[in-house]
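J.: Before I ask anything, here is the structure I am working with.
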Amino acid sequence: MRTSGATIHGRVGGTGPPVLLLHGIPETHLMWHRVASQLAEHYTVVATDLRGYGDSGKPPSTADHEPYSMRATARDQIEVMRDLGYDQFRLVGHDRGARCAYRLALDAPDAVTRLAVMDVVPTGDAYRRAEMKFSLGYWVWSFLAAPEPVPEQFIGAAPDVLVNFMLDSWPEVKDAFPAEIRAEYVRKFSDPATVHAICEEYRAAASLDYQQDEADRGKRKIACPVLFLWSQRGSVAQLYDDPLAIWREWADDVRGEPLPVGHFIPEEAPEQTARQLLDFLK
54 MRTSGATIHG RVGGTGPPVL LLHGIPETHL MWHRVASQLA EHYTVVATDL RGYGDSGKPP
114 STADHEPYSM RATARDQIEV MRDLGYDQFR LVGHDRGARC AYRLALDAPD AVTRLAVMDV
174 VPTGDAYRRA EMKFSLGYWV WSFLAAPEPV PEQFIGAAPD VLVNFMLDSW PEVKDAFPAE
234 IRAEYVRKFS DPATVHAICE EYRAAASLDY QQDEADRGKR KIACPVLFLW SQRGSVAQLY
294 DDPLAIWREW ADDVRGEPLP VGHFIPEEAP EQTARQLLDF LK
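Residue numbers for the sequence shown follow our numbering, so the first one is 54 and each next one is one higher.
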């Protein structure tokens, strides 16, 4: 579907109230393959590739990286849902998709009736609290946000190395990715335009996304109920004593719990993820 700033690729299935699923890095909408069918028994499920990822468009960037800010990325998703006939919807995001999701909920509070975010704290809080452990654990943030063309050229030389490192080192469930899914993630990450777009997104995170979070801090809150799920063994649990309390600074109605898996929650624990979402989204 064409939006005002990009073209967005995705899939729609199921019947019932709409729910939008947003993926993380290095994935595409395929990350929901074990969860979407369960949700589709109760909801109309929309799973998209964020701009820059997968088969979605890679619009030209600008010096300030604005086309790859989460505000611009969220705008795509609002327009997709409106074009599908949904002015209001439930919203679920993992990793980068969660960052898009909470920005969308802040910028368009009337559109989101329930928000679920997985294994992130807001970008502003991540940078505010950054220290040595963060810089080593979240090295991808620094590497991908480095000036063009350094990360683009390094990744372009061996995209499978980066993708497989993420897929092998971040999960606890080592067989979470079927061979065909893993191969598709590598294939999409092998496109130079995709790599550049993703780098631009991380550059935007370190500038515009951070600035917009700080501008909203203490002034705007997420209006709808929020579910926060995080990895009991991942970086969020290691970096923050009480990550749920961080989200409670951004919304009045927040619930959640850690799950005994790694970073890729929907792919490592699809049954638990689906159960949590079905209990929360209704």
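Glycine included, C-beta positions come from ideal geometry on N, C-alpha and C.
Taking the CB atoms as reference points, tell me whether Thr304 and Lys274 lie closer together than 8 Å.
T.: Looking at the sequence itself, residue 304 is Ala, so the reference to Thr does not match. Yes.
J.: Per DSSP, what kind of secondary structure is Thr176 in: helix, strand or coil?
T.: DSSP places Thr176 in helix when its eight states are reduced to three.
J.: What number of angstroms, rounded off, separates the C-alpha of Lys241 from the C-alpha of Asp108?
T.: So the alpha carbons of these two residues sit roughly 8 Å apart.
J.: For Cys153, which of Leu92, Arg167 and Asp262 has the nearest alpha-carbon?
T.: The residue with the shortest Cα to Cα distance from Cys153 is Asp262.
J.: Please state whether the Cβ-Cβ distance between Ser288 and Tyr155 is less than 8 Å.
T.: Cβ atoms of Ser288 and Tyr155: not closer than 8 Å.
J.: Could you give the uninterrupted runs of the alpha helix (DSSP H) lying entirely in the stretch 167 to 242, keeping only those of 4 residues or more?
T.: 176 to 181, 185 to 190, 192 to 197, 203 to 210, 212 to 222 and 232 to 242, all fully within the stretch 167 to 242.
J.: Just how far apart, CA to CA, sit Ser122 and Tyr106?
T.: Taking the straight line joining both Cα atoms gives about 14 Å.
J.: Measuring CB to CB, does Glu348 end up less than 8 Å from Tyr238?
T.: The structure shown does not extend to residue 348, since the chain is modelled only from 54 through 335, so no value can be given for it.
J.: Using only alpha-carbon positions, find the residue among Leu297, Glu225, Arg124 and Asp295 that is nearest to Glu320.
T.: That would be Glu225, whose Cα lies nearest to the Cα of Glu320.
J.: Enumerate in chain order the residues of its own chain whose CB-to-CB distance from Ala198 is below 6 Å, with the five nearest sequence positions on each side excluded.
T.: If we look at Ala198 and ignore the five residues flanking it on each side, its Cβ neighbours are Tyr255, Arg256 and Ala259.
J.: Taking Trp283 as part of the beta strand (DSSP E), name the residues at either end of that continuous run.
T.: Here the beta strand (DSSP E) through Trp283 covers Val279 to Ser284.
J.: Where Arg182 and Gly150 are concerned, what is the direct C-alpha to C-alpha distance, given to the nearest angstrom?
T.: Whole-angstrom Cα-Cα distance: 21 Å.
J.: In this structure, what does DSSP give as the bridge partners for Pro311?
T.: BP columns for Pro311 point to Trp283.
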